[in-house]
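These protein sequence lines map, in sequence, to chains A and B. This note's numbering applies: residue 39 is where the first sequence begins, and numbers increase by one. This note's numbering applies: residue 39 is where the second sequence begins, and numbers increase by one. One structure is given below, encoded as structure tokens.
Number of protein chains: 2
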Amino acid sequence: MGSEDLHEVISLFQSMVESEKAGVIPDDPYAQLESAVRAVFESWDTRRAIDYRNFHRIPHDLGTAVNVMAMVYGNADDKSGSGVIFTRDPATGENKLYGEYLMKAQGEEVVAGVATPRPIADLEAEMPEVHRELSGVAEKLESHYRDIQDIEFTIERGRLYILQTRPGKRSAKAAVRFAVDLTREGLLTKGEAVNSVEPEQVYQLLLPRLDDTSKDEARKGGRLVATGLGASSGGATGQVVFTADAAVKAADDGTAVILVRSETSAEDVHGMLAAAGVLTSRGGATSHAAVVARGLGKACVTGTESLEVNQNQGFFRSGDLTIRESDQISIDGGSGEVFLGSVATIQPQVSDEKEMATLLSWADEIRRLEVRANADTKLDATLARELGAHGIGLCRTEHMFFDPRRLEMMQGMILAAHSSAENPEDPAVREAYHSALEELREFQVPDFEGIFRAMDGLPVVIRLLDPPLHEFLPGYEEILAEVVELRTRGDNSDRLADRERLLATVNDMREVNPMLGLRGGRLGLMHPAIYEMQVRAILEAADNVRAQGLTPMPEIMIPLVADGNEMSRLRRNLEETIRWYQSGNDEPVHYKIGAMIETPRAALTAGEIAESAEFFSIGTNDLTQMTFGFSRDDAEGKFLGSYVEDRVLDEDPFKVLDRPGVGLLAKIACEAGKSTRPSLELGICGEHGGDPSSIEFFDTTGLDYVSCSPHRVPVARLAAAQATLRSRGLSSRGNPTV
Amino acid sequence: MGSEDLHEVISLFQSMVESEKAGVIPDDPYAQLESAVRAVFESWDTRRAIDYRNFHRIPHDLGTAVNVMAMVYGNADDKSGSGVIFTRDPATGENKLYGEYLMKAQGEEVVAGVATPRPIADLEAEMPEVHRELSGVAEKLESHYRDIQDIEFTIERGRLYILQTRPGKRSAKAAVRFAVDLTREGLLTKGEAVNSVEPEQVYQLLLPRLDDTSKDEARKGGRLVATGLGASSGGATGQVVFTADAAVKAADDGTAVILVRSETSAEDVHGMLAAAGVLTSRGGATSHAAVVARGLGKACVTGTESLEVNQNQGFFRSGDLTIRESDQISIDGGSGEVFLGSVATIQPQVSDEKEMATLLSWADEIRRLEVRANADTKLDATLARELGAHGIGLCRTEHMFFDPRRLEMMQGMILAAHSSAENPEDPAVREAYHSALEELREFQVPDFEGIFRAMDGLPVVIRLLDPPLHEFLPGYEEILAEVVELRTRGDNSDRLADRERLLATVNDMREVNPMLGLRGGRLGLMHPAIYEMQVRAILEAADNVRAQGLTPMPEIMIPLVADGNEMSRLRRNLEETIRWYQSGNDEPVHYKIGAMIETPRAALTAGEIAESAEFFSIGTNDLTQMTFGFSRDDAEGKFLGSYVEDRVLDEDPFKVLDRPGVGLLAKIACEAGKSTRPSLELGICGEHGGDPSSIEFFDTTGLDYVSCSPHRVPVARLAAAQATLRSRGLSSRGNPTV
């Protein structure tokens with residue numbers, strides 16, 4: 039490039055600047071420098087930077103800095119070049135230099151993809167001196183910062199210049215491996231290792247993911263059809279469906295599907311649950327699809343704006359390509375990539391992730407909080423134990439009734455309970471009610487046995503029936519539609535009379551605000567026989583398991599109490615049944631009875647409730663609903679997304695515990711409960727039990743344990759250790775992720 | 039009666055005692071006395087005594103006492119007799135001896151109705167000495183106790199004995215008159231007078247009541263067909279209806295009706311609102327019918343067990359008598375009497391109740407708390423001012439949209455708002471939305487004008503739209519039934535397509551738990567144009583009224599906030615509209631903007647909310663719902679009745695403020711709010727604003743005012759004065775009521 043070329047470049051630049059109406063480029067180099075510095079500072083407030091900070095929850099008042107350096111040229115001659123290296127492999131964490139370089143080029147050209155850069159290993163043959171120096175610098179920087187470094191360098195006329203170094207973005211796998219390796223190399227303490235990994239990364243490590251080689255092939259084969267926002271980690275491959283119902287149907291047939299929508303709403307959640315992954319054309323990182331998918335641990339790509347989704351007609355377009363229902367696609371919820379056809383997926387096994395196991399064992403040495411799991415089945419309980427759960431913090435007995443055969447029995451019991459409340463004196467009605475309960479008890483016993491076996495020697499908190507009974511009956515509208523149809527047809531059959539009766543019963547039982555209706559402990563007081571049946575099933579199962587030489591530790595939990603007197607009556611009722619059941623047994627199974635603290639009033643009057651409770655479990659899901667007055671089912675579809683997007687609320691309170699409101703109530707409950715009963719066991723079993731920021735709060739509040747879904751147990755173990763470290767003044771620095 | 043007669047009596051008694059297996063009567067008179075004393079003590083725990091105490095909320099651990107007195111005989115000779123007197127007329131409070139006596143008789147015979155006793159005035163002619171002595175004793179006892187006395191006496195051989203004296207049960211009218219008279223006589227201070235009347239009595243004084251003469255005639259004419267529990271004071275006469283819908287229909291035609299049911303549930307409330315009175319065959323003083331009727335100020339008789347109500351076939355039976363729909367009956371909610379046919383009713387006028395006005399004026403001199411009213415119309419506002427309200431604490435704007443013509447407009451606006459949220463860019467949709475809002479605004483302006491005029495110079499708190507929008511649309515089920523019917527018929531008309539569209543929209547908008555959904559301030563943020571319209575209507579009305587020389591004092595209230603940031607955005611939005619509207623106006627109307635504190639989180643974060651609020655109004659209804667997790671619509675019909683009846687809860691928290699839970703939140707809100715903004719105006723506008731026990735709590739919590747329904751304003755004025763007196767150490771003693 040001669041000076042004429044430079045003149046041409048300058049005049050081109052000048053005309054560009056003029057056409058953008060941005061003034062003229064000053065001749066004074068210091069004035070130019072000042073403009074450049076100013077431009078950097080101003081970049082802090084660009085839309086893109088703001089969005090980025092919003093997404094990563096980086097404070098807006100942090101500000102940026104500018105370094106002014108002398109220019110070096112990687113394109114000066116044949117002995118010049120530029121490159122980027124990582125001190126370790128950012129995908130696997132392997133301890134070797136990783137990166138690329140390009141001779142006779144500036145840094146931008148390495149990244150821009152005009153020429154193909156060469157792997158850094160080649161530099162060793164080409165310029166051994168420089169390679170050795172670079173290796174030495176890399177090692178020095180890594181030991182100094184005790185972190186993987188991402189280094190930009192330039193070689194000018196054979197001399198190496200380091201342009202910048204920063205923490206290297208890494209995959210979850212690399213982060214964990216690096217932390218363990220560096221500790222073994224003596225560069226990090228165990229606490230520092232624990233602090234260096236984001237809790238979310240151990241979660242990602244266990245998600246199904248797209249196989250890298252298979253993904254590369256797909257890319258090379260031109261099957262990468264779009265890239266959206268990687269909204270929920272993990273990979274998924276499956277047939278395209280456009281409605282939640284189709285997703286459920288396909289999943290029932292054992293077909294893996296990807297639910298594709300322009301965006302999702304509360305009505306799609308059952309489909310999201312059934313799908314392997316979710317793809318939307320609209321919505322950001324806090325859209326409904328993103329939030330729900332992350333909660334469910336499903337791969338999700340949102341905001342794929344190049345796609346035109348026509349869900350009503352059952353296809354979507356990417357440019358000229360039309361993809362229809364049943365076509366196969368694959369999505370990468372980390373990178374946001376969308377591939378046509380199958381891409382191999384990998385389901386990581388806990389046992390294979392040795393470094394993770396090591397890191398988590400260090401976390402276990404450090405943390406004060408115990409970690410339990412929310413598990414409703416033997417399978418979940420087994421998985422939870424494998425993932426390190428120290429017991430079950432929430433076993434929801436209602437989930438045991440959703441199997442079709444049992445649901446039918448449950449409905450029989452409910453209709454009998456209803457008649458029995460209407461005609462308490464009728465012996466036939468009472469008989470039907472009790473025999474329905476007997477049938478259910480016989481089903482529950484083996485369920486509980488399985489769970490006790492999986493959690494041998496560890497506590498299992500079993501929550502007695504919580505939802506309103508009408509939730510188990512067919513929906514009012516469904517029956518109404520049938521009745522209207524039969525009537526319009528002039529039908530006179532028994533079917534009509536039967537449906538009309540059912541309609542009247544459902545009408546009698548249904549509620550305006552079921553979340554705040556006849557459920558939880560209220561059910562227990564109004565229909566005592568149900569709780570009696572459940573308590574008997576629990577103790578029977580415990581006895582059976584103990585007869586096999588195991589140690590069941592049942593903790594019986596009463597949901598939704600709001601008052602000390604209410605709790606004391608419920609406890610009295612249960613204990614009557616227990617005394618009757620255990621009478622004559624010399625060594626009865628030991629049990630605890632406790633309360634779920636999930637109404638604001640339970641928190642405010644926890645001192646009285648603790649008189650009848652040996653443990654509290656803070657149910658932060660419902661407590662959040664009632665404290666804010668947010669029905670989650672309604673709020674998520676109707677306003678909560680906007681509230682978070684527009685920063686009315688800093689966080690979705692169903693994901694991250696709201697400290698000034700819900701947190702304050704939890705704190706009041708713990709303090710009042712402990713002052714009544716110093717031995718009170720304190721736990722939390724809402725979704726927040728798996729959220730790191732919330733876990734930190736629970737640690738400082740003095741809880742004994744958190745309970746979360748089995749898949750989040752490793753997250754909670756790590757986060758609990760970080761909370762302990764933070765309380766000792768050691769804060770985690772996290773790490774940049776790929 | 040000779041000694042033989044006595045022997046016979048004794049052996050009769052002995053055989054009775056034996057047949058009851060209660061042992062034998064001892065011969066030793068001291069042993070007899072001891073048994074008698076024991077029997078009195080044991081009577082404390084009889085079912086009837088317990089029920090009585092439960093009803094009157096008398097503590098069960100108070101205990102009773104026994105006086106042992108020498109026997110005197112009113113049946114000794116012709117100069118002997120017995121009687122009962124009141125020192126004043128217990129019905130009117132008139133200052134004259136009132137009562138009856140019977141010569142040659144014991145006290146029981148006066149009461150038993152075997153012989154007809156004579157009015158006490160006759161005693162003056164018959165035994166002038168005794169009459170004079172009795173009058174003197176009466177006067178002495180009344181001045182000593184400074185209260186109406188109910189005195190039992192016996193004359194034995196011409197000598198007067200006083201058996202007992204106790205505070206005399208009196209009507210509301212008598213209580214008020216007596217208090218005022220005694221103060222004028224110098225026997226009571228104003229404070230003591232205020233303390234001597236139950237706040238509930240000034241409420242009863244203003245209820246429609248059955249005319250005493252007409253009631254007497256009905257009794258004599260054999261038209262008293264049953265007596266139940268007087269569950270809600272007042273009298274009512276009207277045609278019998280058996281369903282809530284029939285009640286509404288008749289009321290629409292201007293026919294007064296009495297709603298008769300075996301018992302009521304939440305589904306009957308609209309019928310109770312429309313009826314003049316309610317009669318049920320089942321349920322006690324805390325049954326749904328009783329609780330709701332008291333809340334509504336409707337006459338109500340419950341638990342009339344001698345009636346057999348067949349509401350499905352439209353009749354009820356009392357013995358042989360069958361009463362059918364449209365027959366006329368009358369009920370007395372004080373005495374529990376049910377009459378066949380009409381009984382004249384009296385509607386007391388405030389202006390006629392001079393003693394009440396005097397007593398309330400003394401209360402006003404004493405009380406610290408202001409009293410405002412909840413009023414949604416000019417009429418209510420006028421009545422409230424007449425009854426002494428010092429402004430409006432809650433004007434619910436949604437009630438202005440229920441008139442059929444306006445409801446149609448409102449529905450148009452809602453459908454437009456919904457489309458507008460779906461297609462924000464479509465100019466036609468936006469135009470339709472804004473013109474619908476304009477129409478509504480034009481209706482609201484004169485509504486507000488009427489209220490400002492009625493409350494000239496006094497503050498008027500206007501709450502912006504609160505309920506979820508779908509509550510204004512036809513119900514989902516109603517449309518569904520029509521759609522199913524049209525489809526079954528194979529209809530292909532536009533009507534079907536239209537209904538299907540509406541069904542889809544309502545489906546989109548309806549909510550699982552509407553109480554915790556898109557309502558209140560959330561509406562204000564998601565559909566800002568609605569609040570902008572309302573604020574403009576308020577200011578326009580204020581300007582118009584001021585142009586007439588009056589002083590409107592609008593206070594604009596945002597419902598259901600849960601967060602300081604949410605409140606600050608809502609305030610900013612409103613102020614933008616206000617600035618725009620008032621720009622160029624040199625002397626704009628002064629206004630305040632405040633928050634309704636009704637979510638637990640609003641109470642817990644009140645310090646931040648107060649940054650954007652010049653006043654708080656504690657909405658104790660919703661706050662109670664969310665704090666307990668009780669949906670009132672569901673709880674009242676499904677479990678709350680049992681909870682109160684079985685004393686799980688001491689009180690219905692929707693009637694009497696729950697101090698440990700809801701009260702604590704209210705206290706936290708007030709303290710945090712005041713510490714942010716010392717000038718913060720604090721009020722309460724839930725139903726508790728009219729409940730004396732709750733008012734006492736609000737007084738000690740330091741609120742500025744309570745707001746209640748217009749009819750309860752006198753109650754609140756009196757209760758507020760009693761609260762002030764109590765805080766000065768002067769507690770009220772109440773008085774026994776007839």
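Backbone N, C-alpha and C fix where the C-beta goes; we use that ideal spot for every residue, glycine too.
Cβ closer than 9 Å: which chain A residues qualify as neighbours of residue i?
i, result
"residue 552 of chain B", "550, 551, 669, 672"
"residue 686 of chain B", "563, 601, 603, 604, 607"
"residue 519 of chain B", "518, 519, 521, 522"
Between the alpha carbons of residue i and residue j, how many angstroms are there, rounded?
i, j, result
"residue 689 of chain B", "residue 428 of chain B", "29 Å"
"residue 702 of chain B", "residue 712 of chain B", "15 Å"
"residue 411 of chain A", "residue 422 of chain A", "6 Å"
"residue 693 of chain B", "residue 239 of chain B", "17 Å"
"residue 134 of chain A", "residue 307 of chain A", "44 Å"
"residue 730 of chain B", "residue 408 of chain B", "14 Å"
"residue 183 of chain A", "residue 230 of chain A", "12 Å"
"residue 124 of chain A", "residue 187 of chain A", "6 Å"
"residue 99 of chain A", "residue 564 of chain B", "28 Å"
"residue 173 of chain B", "residue 208 of chain B", "19 Å"
Quick one: what does DSSP say residue i is sitting in, helix, strand or coil?
i, result
"residue 572 of chain A", "helix"
"residue 138 of chain A", "strand"
"residue 158 of chain A", "coil"
"residue 658 of chain A", "helix"
"residue 67 of chain A", "helix"
"residue 681 of chain A", "helix"
"residue 463 of chain A", "coil"
"residue 90 of chain A", "helix"
"residue 675 of chain A", "helix"
Under the DSSP definition of a beta bridge, which residues are partnered with residue i?
i, result
"residue 383 of chain B", "B/248"
"residue 356 of chain B", "B/345, B/359"
What in chain A is Cβ-close to residue i, meaning under 7 Å?
i, result
"residue 698 of chain B", "642, 643"
"residue 820 of chain B", "Residue 820 of chain B is absent from the structure shown; chain B starts at 39 and stops at 776."
"residue 702 of chain B", "642"
"residue 556 of chain B", "672, 676, 677"
What residues from chain B crowd round residue i, counting only those whose CB sits closer than 8 Å?
i, result
"residue 637 of chain A", "665, 666, 667"
Can you name the residues of chain B whose CB is closer than 7 Å to the CB of residue i?
i, result
"residue 680 of chain A", "564"
**OP:** Inspect the CB distances between the stretch 650-659 of chain A and the stretch 532-546 of chain B and report whether three or more fall short of 8 Å.
**Re:** no
Original post:
Should the stretch 486-500 of chain B be called in touch with the stretch 543-556 of chain B, which here means at least 3 C-beta pairs below 8 Å?
Top reply: No contact exists between the stretch 486-500 of chain B and the stretch 543-556 of chain B.
Original post:
Looking at C-beta atoms only, is the number of pairs between the stretch 599-616 of chain B and the stretch 623-637 of chain A that lie closer than 8 Å three or more?
Top reply: no
Original post:
Within the chosen definition, does the stretch 717-724 of chain B reach the stretch 736-755 of chain B through at least 3 CB pairs nearer than 8 Å?
Top reply: yes
Original post:
So, do the stretch 394-407 of chain B and the stretch 221-230 of chain B have three or more beta carbon pairs nearer to each other than 8 Å?
Top reply: yes
Original post:
Do the stretch 109-127 of chain B and the stretch 70-82 of chain B make contact, defined as three or more Cβ pairs closer than 8 Å?
Top reply: Taking 8 Å as the limit for Cβ pairs, the verdict is that the stretch 70-82 of chain B does not touch the stretch 109-127 of chain B.
Original post:
Three or more C-beta pairs closer than 8 Å, one from the stretch 360-380 of chain A and one from the stretch 265-281 of chain A: is that the case here?
Top reply: Contact holds: three or more Cβ-Cβ distances are below 8 Å.
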